[in-house]
Amino acid sequence: AGPIEADHAVVAVPTPVLAAGGLTFDPPLSDKQAAAADLPLGLADKVFLHVDGPEWPANEHLTGNPHSASTASHRLSPFGLPLIESFFGGDSAEALAEGDAAAFATDELVALLGSDWRKRLRPLAVTCWRREPHIRGSYSHARIGRAGQRRVLAEPVDGRIFFAGEACSVHDYSTAHGAYQTGIGAARGILGNPPALS
């Protein structure tokens, strides 16, 4: 909400925010804005359900409806916890953002496991990344033929402005560890280029 002046900066914001001019630079960094536009965020949302008395080993997996694009991948008892993590991606996640993703996941699981399971499932949390105004999606993907824009986005500016986040990772994009590694790289870049004494 106003100008920021600094000797160095690490910019780590979602690509839609940068592409839409959510941050402005003086002088402008049009190549960064264009790179961010070529690395939009896809959509992947999750529903977490508590399950009473799971009857399977930790980290089992169920696929919802393999004949429909509108389905989920269900991870049963991740880390041995009494949970089900239902994962929705792409158009399915987009459609469920307007509806009740927890009810959809529950219905799909009941269809797979049997009607008695309905009373054993309780919604805990639902993500909806598209609706987060300062995020607007889940993680980046490169438009066709534009994967090289990851390097453009990651390139420091004048040894003072560094960029970090999973979209800046050439090999580990769309991952938490890719985001972490680019942040460490940006910090190391700053430490290797201390501000001039005046």
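Sequential numbering of the sequence shown, starting at 716, is according to the working numbering. Note that CB positions come from ideal geometry on N, CA and C, so glycine has one too.
For a test of the three-state rule: what should DSSP assign to residue i, helix, strand or coil?
i: Phe740; result: coil
i: Leu824; result: helix
i: Ile876; result: strand
i: Asp767; result: coil
i: Glu809; result: helix
i: Val732; result: helix
i: Ala939; result: For the chain, the structure presents residues 716 to 913; residue 939 sits outside this window and is missing.
i: Thr897; result: helix
i: Ala902; result: helix
i: Leu796; result: coil
i: Ser788; result: strand
i: Asp760; result: strand
Taking the alpha-carbon positions, what's the residue i to residue j distance?
i: Gly690; j: Leu764; result: Residue 690 lies beyond the stretch modelled for the chain, which goes from 716 to 913, so this question has no answer here.
i: Trp832; j: Val825; result: 6 Å
i: Glu847; j: Pro755; result: 15 Å
i: Ala735; j: Gly852; result: 14 Å
Does residue i pass the burial test, meaning 16 or more other C-beta atoms within 10 Å, or should it be called exposed?
i: Asp753; result: buried
i: Gly717; result: exposed
i: Gly795; result: exposed
My assumption, with CB atoms under 8 Å, is that residue i sits in contact with residue j. Please give the rounded CB distance.
i: Ser889; j: Thr897; result: So it is not a contact: roughly 12 Å between Cβ atoms.
i: Cys843; j: Ala812; result: 5 Å
i: Asp760; j: Ala724; result: At roughly 31 Å, the Cβ-Cβ gap does not stay under 8 Å, so Asp760 and Ala724 are not in contact.
Are at least three pairs of beta-carbons, each pair with one atom in the segment 866 to 881 and one in the segment 834 to 841, less than 8 Å apart? no
For the segment 770 to 788 and the segment 807 to 823, state whether three or more C-beta atom pairs, one from each stretch, are separated by less than 8 Å. yes
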